[in-house]
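Accompanying notes for the structure given below.
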Amino acid sequence: MKNSEQRIIDGLNEEQREVVTAQRQNILVLAGAGTGKTRVLVSRIAYLVEHCGVDSNRILAVTFTNKAAREMRERLIGLLGEYSVRRLWAYTFHTASSHILRNFAEEAGLTRNFTIIDTSDQLALVKRVMQDLNLPADICVNGIRYNSRNYLQKIMDEKSRGHRPGMEGSSILPCFYDVYALYQTRCDKSDQVDFEELILRTCELIESNPQVRHYIRLKFQEILVDEFQDTSSLQYRWLKLVSGIENLDSGKHPANVLIVGDDDQSIYGWRGAAVENMFYFQKEFSPVKLVKLVQNYRSTKAILSNANSLIKNNSKHVAEKTLITRNPDATMVKLMESYDSSDEADEIAKIIRKLIDNLKKDPSEIAVLYRTNAQSRMIEKAMVEYGVDYNIYGGARFFDREEIKNTLAYLRLIVNPEDNISFNRIVNVPSRKIGKVTLGKIEALRREFGISMFKAAEMYALKNKSRSLQNFIELIHGFSARVAESPKNMDDIVRFLESVIEDSGLGTYYREKSAMDDADSSNDRFGNIEELISDISGRDYDELSDQGFDNAGEVLEDGKEISKSRNTDDNSVPENKKMKYTIADFIQIYLSSAALMPSSELLKSEEDSAVNLMTIHCSKGLEFEVVIIAGFEKGLLPLERYSSIKTDQNAHIEEERRLAYVAITRAKELLFLSCANWHSSYDGQYPTGPSPFTYELDSCSIDTDMNFLDA
Numbered sequence: 000m001k002n003s004e005q006r007i008i009d010g011l012n013e014e015q016r017e018v019v020t021a022q023r024q025n026i027l028v029l030a031g032a033g034t035g036k037t038r039v040l041v042s043r044i045a046y047l048v049e050h051c052g053v054d055s056n057r058i059l060a061v062t063f064t065n066k067a068a069r070e071m072r073e074r075l076i077g078l079l080g081e082y083s084v085r086r087l088w089a090y091t092f093h094t095a096s097s098h099i100l101r102n103f104a105e106e107a108g109l110t111r112n113f114t115i116i117d118t119s120d121q122l123a124l125v126k127r128v129m130q131d132l133n134l135p136a137d138i139c140v141n142g143i144r145y146n147s148r149n150y151l152q153k154i155m156d157e158k159s160r161g162h163r164p165g166m167e168g169s170s171i172l173p174c175f176y177d178v179y180a181l182y183q184t185r186c187d188k189s190d191q192v193d194f195e196e197l198i199l200r201t202c203e204l205i206e207s208n209p210q211v212r213h214y215i216r217l218k219f220q221e222i223l224v225d226e227f228q229d230t231s232s233l234q235y236r237w238l239k240l241v242s243g244i245e246n247l248d249s250g251k252h253p254a255n256v257l258i259v260g261d262d263d264q265s266i267y268g269w270r271g272a273a274v275e276n277m278f279y280f281q282k283e284f285s286p287v288k289l290v291k292l293v294q295n296y297r298s299t300k301a302i303l304s305n306a307n308s309l310i311k312n313n314s315k316h317v318a319e320k321t322l323i324t325r326n327p328d329a330t331m332v333k334l335m336e337s338y339d340s341s342d343e344a345d346e347i348a349k350i351i352r353k354l355i356d357n358l359k360k361d362p363s364e365i366a367v368l369y370r371t372n373a374q375s376r377m378i379e380k381a382m383v384e385y386g387v388d389y390n391i392y393g394g395a396r397f398f399d400r401e402e403i404k405n406t407l408a409y410l411r412l413i414v415n416p417e418d419n420i421s422f423n424r425i426v427n428v429p430s431r432k433i434g435k436v437t438l439g440k441i442e443a444l445r446r447e448f449g450i451s452m453f454k455a456a457e458m459y460a461l462k463n464k465s466r467s468l469q470n471f472i473e474l475i476h477g478f479s480a481r482v483a484e485s486p487k488n489m490d491d492i493v494r495f496l497e498s499v500i501e502d503s504g505l506g507t508y509y510r511e512k513s514a515m516d517d518a519d520s521s522n523d524r525f526g527n528i529e530e531l532i533s534d535i536s537g538r539d540y541d542e543l544s545d546q547g548f549d550n551a552g553e554v555l556e557d558g559k560e561i562s563k564s565r566n567t568d569d570n571s572v573p574e575n576k577k578m579k580y581t582i583a584d585f586i587q588i589y590l591s592s593a594a595l596m597p598s599s600e601l602l603k604s605e606e607d608s609a610v611n612l613m614t615i616h617c618s619k620g621l622e623f624e625v626v627i628i629a630g631f632e633k634g635l636l637p638l639e640r641y642s643s644i645k646t647d648q649n650a651h652i653e654e655e656r657r658l659a660y661v662a663i664t665r666a667k668e669l670l671f672l673s674c675a676n677w678h679s680s681y682d683g684q685y686p687t688g689p690s691p692f693t694y695e696l697d698s699c700s701i702d703t704d705m706n707f708l709d710a
C-alpha cells in the first residue's frame, strides 16, 4: 500500500514533483500548454495539507473560471477527503471577493444582502443614468462615436485600473466622468455591486481597515493562483493585499504565494490582462523559485514543433522554454488554401464530413476555431449543407434567458428591496397595468427624496390608493417576511420558490407563453423555470461554511461550518443550524453564483455529438483531437482592424501571435490551418492570402496532402 506522499506525487514528472514538494515559499510555475498544471496545483494543495500541516481552511486557490474551481475540488476529494476540501477556499477572484465583502459588509459600506449585477443590468443602469443626465444615446467625442455600451466599458476600464471618479491619475474624459459618478452613486444607494467593483472594493476595504487587514492576514497562509498571465493590474493589487506582501502591518509574515501561468498564452490584453504582472511578481515577491513545466501531454511532435517555431518570434519572455512531448507523430500539420471565404467554408465542411465518415472521428472531438464571430456565418451555412451537426460555444447563458432573468429579479428584490434594477424589471411582469405615467411619478419621488424605487412606490400607492401597485408591494413584503425564516429542509426552500413563481403570476404567464411558442423544447419557458428551481435546490451550499473567517478571528458566530448534512437521506438541515441560516441566505448565495457565471460556462448542450464552433478566445483551456483554424490569413490573424487604434503596434502583433499559439496548442492529433485568397465583405471582395504567421511555422512538419482523409 502506497504511503500518502507517494500517492500524491505518483505519476508526476521531475519538474512537476519539484513544484509539489517544494518548501513553503513564493513560487512561479511557468507552465506551457498541455503540461498538466491543474494536476500540479491539486497535488501541491494536497501536499501542503498532508505533509506541511497546513489547515485546508488556510489555503486560498484562485482560478479564472468556476468550472476550474469545481474541477479542483473534485480532484482534491480523492486525495484529502470531503471535509478538508469543503473548508478550502477555491474560487475565482470575483467569488472570493464576494465572500470577503459579505463577511465584512458593514465595513465595506454594504449590507450582507447586496446584489451582484450582471452585464445586462449594468447596461440598463448606464442607459437610465444617461437619460437622467440628458445625454444623447450616441455622442461623438474627438471624432469617435460612443453609445451606452461604450460608456459602460469606460467605467469598467476605470475600475479595473483602480480609479474612482475624479481620482488623480484617471484618464477618463469629462463626458464620461458624470456618467461614472452617477452610476456609482446609484449602485451604492441600491446596495448593488458590479463585477469590477467586487475586486476594487475588496482592495479598498483591506487598505483602509486595519482590523479587516488583520483578519485576512490570519486567514490565509498559502495562496495559489492559476492562469496568472491573465490577471489585471487590479487583480494583482488584490493579490498583494490579500497575501500581506505590502507589509502594511509590521511583524505580520505574508502568505506564501504560488502562481501558475504562461506568458506565451496571454491573450486578454484587450480586457485589461497585464502579462507584465509575471515580471512584477518575480521582483516584488522576491525571492521567487522559478520552475518550468515543458513536457506536453496533449499534442503530437508536429503540432508542438509549429507552436514552438511560431512563439519564439515574440521578443519578451519570462524565461525561454520549448515544449517537448513523448507522444508519437502520426500526421503532419495540414495547410489548406481556398479561393474565397465561401470556398473555404465548403472545404472545412467537406473535411469534417470525411473525418466523421471515413476516420470515424467523434464530432464532439472536432473544433473549428476562428478569430472573429463574423466568420462563423459561412461555416454554419456549409455545415448545414453537408449535414454536420454543430454547437456554437460561448452563446447565450441560461441565466440570460428572459424567464430566468425575471424569476431571479423577483428573488433579488425580495432579499434586497433597494434593488432598483430588479424593481423596474418586474414591477409589470406579468402585466399589472401600472403605466409609464405612474412609473414616471414613482421615479420623480425617488429622485426628490433620494430613496429606492420600492420605497417611492410605497409612498405613491399610499397617497394615490393604487390597488394594483399596492398588491405588488404587499406581495413583495409577504415574500420578504418568509425569506427571514429558517428552513427545516431543502423542501421548504422549494416550496417558497414555487410560491414566488405562482403567486407573482410568472407561472401562468410563462406556461401560456410556452404554449404559444413552437414545439421546439428549447422554447419551453416554464420548463426553464422548473430547471432553475431544480438547480437551486440541488446546489451544494458549502459557501455558508467556508466563506467565513470564524477560525481567523471569530468574526462570525462560532459553529457556522456546514449548511446541510451530507450523511443523511432526509435532506434535512441539522438541528443546530435551523436557527442560523435563513431562506434568504441560501437564495443570496445562489444569486451571487448566477451573476458570476460567465457565458463560456454554459449548461451542457442538448446536442452532445456535434462539432464545436468557437472563437479562439473561447477555446482557451480546452482541447480537441482535431482542430481546424479558419481564416489563418492576412487581415484576420493578426487582426488588422485593431491595428490603427493600438498605440503599440508591436504589442498588438505579439498578442495576436500568442492567440495563434493558443489555437495551435488546442489540437491533440490533427491540426488544419485554413486560409482564403479572397475575403468577402459587405462592400465586395478584397485579396488576402496566408497569414504572415504562416512563414514563422516549421516548414518541415507541414504539408498539403489530404489523401489520408479518403482512407
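Going by numbering that gives the first Met the number 0, the first residue of the sequence shown is number 0, and it counts up by one from there. C-beta: ideal position from N, C-alpha, C; glycine also.
In this model, residue 622 and residue 32 are separated by some 10 Å (Cα to Cα). The Cβ neighbour count for residue 26, taken over all protein chains shown within 10 Å, is at least 16; the residue is labelled buried.
As for any alpha helix (DSSP H) of minimum length 4 sitting wholly inside the segment 89-175, the runs are 92-102, 118-131 and 147-159, ordered along the chain. In the structure shown, residue 580 adopts coil according to DSSP, grouped into three states. Distance check between residue 93 and each of 193, 295 and 429 places 193 closest, using alpha-carbon atoms only.
Residue pairing from DSSP places residue 686 in a beta bridge opposite 677. Taking all protein chains shown into account, residue 660 has 16 or more neighbouring C-beta atoms within 10 Å of its C-beta and is therefore buried.
DSSP, reduced to helix, strand and coil, places residue 210 within a helical segment of the structure shown. Proximity to residue 419 across 21, 191, 699 and 136 peaks at 191, based on C-alpha coordinates. Here the C-alpha atom of residue 77 lies approximately 37 Å from the C-alpha atom of residue 268. Here residue 30 carries a strand assignment [DSSP, helix/strand/coil].
Taken through DSSP and simplified to helix, strand or coil, residue 537 comes out as helix. Residue pairing for residue 367: DSSP places it in a beta bridge opposite 612 and 627.
With contacts defined by Cβ atoms closer than 7 Å, residue 273 and residue 204 do not form a contacting pair. Sequence-distant Cβ neighbours of residue 253 in its own chain, meaning closer than 6 Å and more than five residues away, are 242, 243 and 244. Exposure of residue 318 is indicated by the presence of fewer than 16 other C-beta atoms within 10 angstroms of its C-beta. The DSSP-derived three-state label of residue 451 is coil. Judged by their CB atoms, residue 369 and residue 629 are nearer to each other than the 7 Å cut-off.
In this structure residue 291 is not in contact with residue 315, their Cβ atoms being roughly 16 Å apart against a cut-off of 8 Å. Note that the C-beta distance between residue 402 and residue 527 is below 7 Å. CA-to-CA, the gap between residue 470 and residue 234 works out to about 45 Å.
Here DSSP, grouped into helix, strand and coil, assigns residue 314 to coil.
Look at the beta carbons and you see the segment 325-345 touching the segment 297-310: at least three pairs across the two are nearer than 8 Å. Annotation: the continuous beta strand (DSSP E) that includes residue 224 extends over 221-224. When DSSP states are grouped into helix, strand and coil, residue 256 belongs to the strand group. Here the C-alpha atom of residue 225 lies approximately 12 Å from the C-alpha atom of residue 238.
When rounded, the separation of the alpha-carbon atoms in residue 508 and residue 363 is 37 Å. The shortest C-alpha to C-alpha distance from residue 634 to any of 618, 627, 655 and 650 is the one to 655. The segment 375-384 makes no contact with the segment 147-158; the number of CB pairs closer than 8 Å stays below 3. Comparing C-alpha distances from residue 153 to each of 590, 473 and 174 shows the shortest one belongs to 174.
In the displayed model, residue 244 falls within coil according to three-state DSSP, outside both helix and strand. When the beta-carbon positions are compared, residue 84 and residue 72 come within less than 7 Å of each other.
Cβ-Cβ separation between residue 595 and residue 58: approximately 21 Å, too far for a contact (criterion under 8 Å).
With 16 or more other Cβ atoms inside 10 Å of its own Cβ, residue 360 counts as buried.
For residue 183, the secondary structure class from DSSP, reduced to helix, strand or coil, is helix. For the pair residue 8 and residue 50, the Cα-to-Cα distance works out to about 12 Å.
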